[in-house]
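Down below is the structure, laid out as structure tokens.
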Amino acid sequence: MPWRLLRFATTKKHPEPRMFTEHAELKPSYDVVIIGGGGHGLAAAYYLGRDHGITNVAVLEKGYIGGGNTGRNTTIIRSNYLTPEGVKFYDESVNLWQDLSQEFDLNLFYANRGHFTLAHTDSALRTMRWRAEVNKHYGVDSEVVGPDFVKRAAPMINLSCGHAPILGALYHAPGSIARHDAVAWGYGRGADMRGAEIHQQTEVLGIDVRGGKVCGVQTSRGYIATDKVLCAVAGFTPRILDMVDIKTPITIHPLQAMVSEPLKPWLDPILVSGSLHIYVSQSARGELVMGASLDPYELHSTRSTLDFVEGLSAHMLDMFPFLSHVKVMRQWAGMADMTPDFAPIMGKTPIEGFYLDAGWGTWGFKATPVCGKTMAHTIATDTPHPLINGFSLDRFRNYSLTGEKGAASVGH
Amino acid sequence: MRLPPVPGEWLDRSVDVSFSFEGKTYRGHAGDTISSALLAADAGILGRSFKYHRPRSVLSMANHDVNAVCQWGDRPNVRADVTRLQAGMDLAAVNTFGGLKSDKASVLGSLSRFLPVGFYYKSFHTKRLFPMWERLFRTLTGLGKVSFNTPHIRTAKRYGFCDVLVIGAGPSGLAAALAAAEQGAEVVVVDENARAGGSGGYVRGGFGPQAEQLADDPLTRVLAHPGVRLMTETYAAGYYADHWVALVGGDVLTKMRTKSVVVASGAYEQPAVFRNNDLPGIMLASAAQRLIYRYAVRPMQQAVVLTANQDGYRAALDLAAHGVEIVAVLDLRLSSTASEPELAVKARGIPVLPGHHIVEALPGANGKSVVGAIVAGRGKMRTLACDGILMSIGWAPAANLLYQAGTRMRYEQSLEQFVPDTLPPGVFACGRVNGVHTLSARRLDGQRAGSAAAAHAGFGDARVITVPAEMECPTHPWPIVAHPKGKNFVDFDEDLQLKDFENAVQEGFDNIELLKRFSTVGMGPSQGKHSNMNALRILARLTGREPQQVGTTTARPFFHPVPMSLLGGRGFSPERRTPLHARHEALGAQWMMASVWQRPEHYRLTDKDRQQCIREEAMAVRQNVGLIDVGTLGKLEVIGPQAAELLERVYISKYANLKVGMTRYAVMCDESGVVIDDGVVGRLAEDHFYFTTTTSGAATIYRELSRLNTMWRLDCGIVNHTGAFAAVNLAGPKSRALLSRLTSLDLSATAFPYLALREGVVAGIPARLMRVGFVGEWGYEIHVPANQGATLWDALMAAGKAFALRPFGVEAQRLLRLEKGHIIIGQDTDGLTNPFDVGLEWALKMDKPFFVGQRSLHVIGRQPRKQKLVGFVLDAQFNGSAPQECHLVIDCGEIAGRVTSIAWSPTLGCHIGLAFVRPELAETGTAIAIRLTDRSTVSATVARTPFYDPDNLKQKEPA
């Protein structure tokens, strides 16, 4: 047993301090105000303090920290994207993930499981070869493998998958999962320790822009002055951007997921199938965490549908017929901020001092560390970090899109 | 121990049921659940807890005894408290190490001081060692096991419709059902139990059914009413938008659409929190009552009853009437309410101790039983010997479905319970879930809700019924006792103790949602049914707030977990077959999926391999004539005065000037100028077009065109004929000669030129014919009604014998079109490809007033090109391993493009392909390097396309 657990038994009082300081009041002004206390916002606050010495920072969260898509995703981490911009960006994120638990001194259960994107059609196999070749070019461990390889990693799989036999897969050895809530807590605690203030139950009502510059933020707990604001609110992005009259091509679609009752672990790798609209892994609690593709309609809501659990269960049984008796325990939904090219929107905006970290659709969790790091850099220097040049808002006006659809649509 | 027959018991004592548990054989009766049969047989403990592996037994008998969960053969996580006993069941407790009786993992209980809430976040995370710890955790985690031999169980699903759906057939639900039915509504009542009646059946106060119930039994009247359908052993698993309720029962999922819903789901009795409150023998009072009246099981000999309401006294009477010695009734309340049951308890000489609580339950050997309770009150502590403790300190509403429906709940101080505050339209609540606990009042509340629900559904008017207020508070606000040694459990799924909550709040997890996520309270299989309310009370007290301010976590489906086989149903994944499917099968087709369609990839020949077959098929088309089924193409018609206008707006070329009887290639872009589909548009009349889409695009293009047509309000209509027509492409130098034998149409080049569209009769079948050149030969696409497709095919095949006709598959077609330099949308294009990239400028008519994508293409057209699709060839002598599609083009160490198509051309005798390259590499004759998977590179030369018949001579009449 690790020695650190001893202190729990040897001290009379629980030896752990508060992770997040309580602040009764907002200060009248901050150097940087971050809207959104999810993983991205908290990570930005963390790296502002750690890398740039900017600690007079407020993170404003309407609900509770990590309560949005940070706590609703299926926790898959990978970097096998399709575009050079995407591959380099997510690869840096995976690098940061490796050390995060030790850096935070908080166990994120970052578990390296290996990630398979299954191909059931020859066109899917073509796209996977494309991804594998681009990945390898940038040093990312990724390869196209045959059905035998899949069968060895997951011997229980039904290779015929109902009507959609598995022809091969894109195998990405670094693919991992992590305990999502803890990521928000780790960044939150780290930011807090460096002086940033986290204000939960604090809603942003308006953004004060004068002469094309940010001057302050109106909140449900009063006005605060600031000349730098980061918007990192995922599914709520259009509502915040309406306040400053910035147009983006973002649309909001529900993304649903479900979880089974706990089972003794039997599934090690992470499996994704575009044709069957499945992604699945087994969590540290023994639950199967399962997701599918986006709901096809726009909706600003986190309601669940029966359709979703029916369809996903049917496809799960195509792949794993033996799950017939396994029960689905809970389903939920998040609001995904989708962009036309399936790449994010990051960086500066037409308003001076207003920075955007949005368009995270279904691929935001894995990017949490690199987003925090690059957005902190962008805010601190008022210059976009080189890794996010492909993701600027301008690209929609300039028709220089970063097409990630082939790698992001179901794979998340 | 089994009691003598109890009136109303659910057992059929004439049927013995033999089963085994943990390797030992037992006998129960038909009607038993696993738990009741094991308790009747005094079989000992039923399970182990998840974290500390403490011995556990019955808690609720109400579908949240998550520590009494069995492995039944290949079925994991079978809930013993509610699963009907079946003959031959072979059961074992889940997640034990070395068996239930001596579970080795119970050592974890003694280590609990080292393992406080969230301990796993605080350690085990050095990068080097985490994988080892993770393996250990994965050994310990999880409950039941899946068996890989379990078959794929396919079940039918049912759709149901009713006017009023009543969820819960207890006293209030039955009253609601009757009231609604009496107003003329068609009513369905569901209840998860084997029989209706709810607590009316087992809360009796000692003397058989309560007198008032006998006098006017609503169950009898409900069953007799023709407007009511009762579904027992069926639970409402989830509420979805527009009164769409998932009902699970009888191994079938019923999707019920109702006009209004009455939620009469009752309440969960809540446990008290004191040290060792999890010992076997300690249970909710309602669990003991269920055991007695449903299953004739006496759960203990000597009981201490801990209560804070009348229900506990009723339970004491129920137990006493069946031979249980009631050691004492401890009432958390300081003074007596002199209720009828309390007076009856006192009249029986049972000691009643107001203002008393349990400090600690005393464990028997190995913690497998309870042998006493240390109780405190009025300044004194004493020990009472007992072998069972009943907890009856209050209720939490079973409001899951109400929350899912969007009900706003408020904390009602006088009841110490959340009750509905604002109900959504068409959703009604009654009985305990609505804060009404007295039996007579529950019936009135049911009538009120049932009448209102019927009125909402359009049947009669809502009756005004006044429901009397509760005379006493049924729930205690603080049934929680701290203990320095802990083991006072709040959540039995997750083994969470009181101090875990204190510690979590100390660490800053002082929001109910954060507390849940950090401590995992309510995240186990019971989803907080017995733990959320106490957790909320603890958090409220620790943070100095009221329960209303703390609020609840979000309740999501499901109410109880639902097997995937029921959700998946029959697993209906439709696959489409063309009308010629059987013909292909007979010819030895090798099938492939093309979106939802099955298509012949090639036709197998016994003595030839795949490559040979494909090449021969292709050569047959080049030299003689071939026939391919193209019935999977999207086939649409647009008719009306503005039909041409619609096509002008959605395709990049012009169609207003297309002559009747002619066709034109058609490319569609999205708003950002990306190529998304192609096909051929033919004009049948001024106001009538027939056109095709790609196979995979058919459904989405039809949907999108319909959307645009609706939005633009053009005077034309779109019809999707994709499944209504069979279509073949007859191609090759001998196609005309062959076709002329089957039709009287004039096939001369002047009468039926290239790209013309004709209607005529082929083999006696009315047909539409188009002269197309996708594969690069003289050819006809022939479309006929689907039911005549096979006749056409047979006629062509028969007539073709004289011309060495061969059917060809998708692979040969891909090869032939590649030789001709035609692109396939989706293979030679991707999510960002515009018409400029792939050499479609000739089709692009920027001078049109508008088409989808035009604005973007104006901008893109002014920008320098980033890539260009070019043809390339490998050296004819090349005999290494050839590049594959999506291998990268590398220039100066950087990615400069990728191969989109490649094949060995039997006509040209070398590898040919298409590739995206940077514009500076696009010049014909440029050498490009293609990198293979093994990192070796192959040199190729950019070549002009078409590779085959560049001057299109094959479409012209030979001179």
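Listed in order, the protein sequences are those of chains A and B.
Going from the first sequence to my numbering is simple: count from 1 and add 10.
Going from the second sequence to my numbering is simple: count from 1 and add 2.
Yeah, the Cβ is synthetic: ideal placement off N, Cα and C, and Gly gets one too.
From a predicted model like this one, the values you see are computed outputs, not experimental measurements.
### Query
When burial is assigned at 16 or more other CB atoms within 10 Å of the CB, is A:His-335 buried or exposed?
A:His-335 comes out buried.
### Message
Mapping the DSSP letters down to three states, classify B:Met-566 as helix, strand or coil.
### Response
B:Met-566 falls in the helix class under three-state DSSP.
#### Entry: Closer than 7 Å: B:Phe-880 CB and nearest the ligand GDP heavy atom
Judged by which ligands are present, the structure shown has none, so any question about the ligand GDP falls away.
### Message
If the cut-off is 8 Å on Cβ atoms, which residues from the region 106 to 134 of chain B count as contacting chain A, listed in chain order?
### Response
Residues passing the 8 Å Cβ filter: Leu-113, Arg-115, Phe-116, Leu-117, Pro-118, Phe-121, Tyr-122, Tyr-123, Lys-124, Ser-125, Phe-126, His-127, Thr-128, Lys-129, Phe-132, Pro-133.
### Query
Excluding five sequence neighbours on each side, which residues of the same chain lie with their C-beta closer than 7 Å to the C-beta of B:Gln-499?
For B:Gln-499, same chain residues with a beta-carbon under 7 Å away, outside a window of 5 residues either side, are Gly-488, Lys-489, Asn-490, Phe-491, Val-492 in chain order.
### Query
How many Å lie between B:Val-166 and B:Ala-187 at the Cα?
Near 7 Å, if we compare the C-alpha coordinates of B:Ala-187 and B:Val-166.
### Task
Could you tell me which residues DSSP pairs with B:Arg-231 in its beta bridges?
B:Val-190.
### Task
Indicate whether B:Gly-390 and B:Gln-304 have their beta-carbon atoms separated by less than 8 Å.
For B:Gly-390 and B:Gln-304, yes; Cβs fall inside 8 Å.
### Query
Are any of the Cβ atoms in chain A nearer than 8 Å to that of B:Ala-95?
Not closer than 8 Å to any Cβ of chain A, the Cβ of B:Ala-95 fails to qualify, so no.
### Query
Taking a cut of 8 Å between CB atoms, which residues from the region 84 to 101 of chain A lie near chain B?
Of all residues in the region 84 to 101 of chain A, Pro-94 have a Cβ within less than 8 Å of some Cβ in chain B.
### Message
Helix, strand or coil for A:Gly-178? Go by DSSP, reduced to three states.
### Response
In the structure shown, A:Gly-178 sits in a strand (DSSP, three-state: E or B).
### Element boundaries [alpha helix (DSSP H), containing A:Val-380]
That run of the alpha helix (DSSP H) goes 378 to 391.
### Query
Among A:Val-282, A:Gly-76, A:Lys-161, which has the Cα closest to the Cα of A:His-325?
Comparing Cα-Cα distances from A:His-325 to each of A:Val-282, A:Gly-76, A:Lys-161, the minimum goes to A:Val-282.
### Task
Taking B:Val-564 and A:Val-338 to be in contact with their CB atoms under 8 Å, please state how far apart those CB atoms are, rounded to whole angstroms.
The pair is a contact, with the Cβ atoms about 5 Å apart (cut-off 8 Å).
### Query
Is B:Phe-561 near B:Asn-711, with beta carbons less than 8 Å apart?
One thing to note: B:Phe-561 has its Cβ no nearer than 8 Å to the Cβ of B:Asn-711.
### Query
Does the distance from the C-beta atom of A:Thr-236 to that of A:Asp-41 stay below 8 Å?
Result yes, Cβ atoms of A:Thr-236 and A:Asp-41 sit closer than 8 Å.
### Query
Just the Cα atoms here: how many angstroms apart are B:Arg-705 and B:Ala-646?
So the alpha carbons of these two residues sit roughly 18 Å apart.
### Message
As an exercise, report each continuous alpha helix (DSSP H) stretch of at least 4 residues that is fully enclosed by the region 407 to 474 of chain B, in chain order.
### Response
441 to 458, all fully within the region 407 to 474 of chain B.
### Task
Please confirm whether B:Leu-834 and B:Val-669 have their CB atoms less than 8 Å apart.
Contact flag unset, no.
### Message
Looking at the secondary structure, which residues open and close the beta strand (DSSP E) in which B:Tyr-782 lies?
### Response
Counting along the chain, the beta strand (DSSP E) containing B:Tyr-782 begins and ends at 781 to 787.
### Query
Mind checking if B:Ala-243 is an interface residue toward chain A, Cβ cutoff 8 Å exclusive?
True, the Cβ-Cβ gap to chain A drops below 8 Å.
### Query
So which residues of chain C does B:Arg-56 contact, with C-beta pairs closer than 7 Å?
Among the protein chains of the structure shown, namely A and B, there is no chain C.
### Pairwise C-alpha distance: B:Asp-463 and B:Ala-451
Distance between the alpha carbons of B:Ala-451 and B:Asp-463: 12 Å.
### Query
Mind checking if B:Asn-505 is an interface residue toward chain A, Cβ cutoff 8 Å exclusive?
Chain A contact via Cβ: present.
### Query
Is there a Cβ from chain B that is less than 8 Å from the Cβ of A:Asp-158?
Output row for A:Asp-158: interface = no.
### Task
Spell out whether any CB of chain B is found under 8 Å from the CB atom of A:His-173.
Chain B, which has a Cβ nearer than 8 Å to the Cβ of A:His-173, makes this yes.
### Query
Under 8 Å Cβ-Cβ, which residues of chain B neighbour A:Tyr-409?
Neighbourhood of A:Tyr-409 in chain B, by CB distance below 8 Å: Ser-674, Gly-675, Ser-858, Val-861, Ile-862, Gln-865, in chain order.
### Whole-number beta carbon distance between B:Ala-801 and B:Leu-871, since they are thought to touch under 8 Å
About 39 Å separates the beta carbons of B:Leu-871 and B:Ala-801, which is beyond the 8 Å limit, so they are not a contact pair.
### Expected contact under 8 Å - CB spacing of B:Pro-602 and B:Val-812 to nearest Å
That belief holds up - the Cβ atoms of B:Pro-602 and B:Val-812 are roughly 7 Å apart, short of 8 Å.
### Message
Could you check whether the Cβ of A:Thr-21 sits closer than 8 Å to any Cβ belonging to chain B?
### Response
So no, A:Thr-21 is outside the interface.
### Query
If you measure beta-carbon to beta-carbon, which residues of the region 832 to 843 of chain B are closer than 8 Å to chain A?
Against chain A - using a Cβ distance shorter than 8 Å - the residues of the region 832 to 843 of chain B are Asp-832, Gly-833, Leu-834.
### Query
If we call anything under 8 Å between Cβ atoms a contact, is B:Asp-867 one with B:Pro-921?
Reading the sequence as shown, one finds Arg at residue 867 of chain B and not Asp. Cβ distance < 8 Å, so B:Arg-867 and B:Pro-921 count as in contact.
### Within chain B, partners of A:Ala-294 - CB distance below 9 Å
Listed along chain B, the residues sitting closer than 9 Å to A:Ala-294 by beta-carbon distance are Tyr-122, Glu-136, Phe-139, Arg-140, Thr-143.
### Message
Given this structure, state the Cα-to-Cα distance separating B:Arg-946 from A:Met-329, to the nearest angstrom.
### Response
For the pair B:Arg-946 and A:Met-329, the Cα-to-Cα distance works out to about 45 Å.
### Query
At least one CB of chain A closer than 8 Å to the CB of B:Ile-47: is that the case?
No, its Cβ sits nowhere closer than 8 Å to a Cβ of chain A.
### Message
With DSSP as the reference, identify every bridge partner of B:Pro-57, one or two as the case may be.
### Response
For B:Pro-57, which the question treats as bridged, DSSP gives the partners B:Arg-50.
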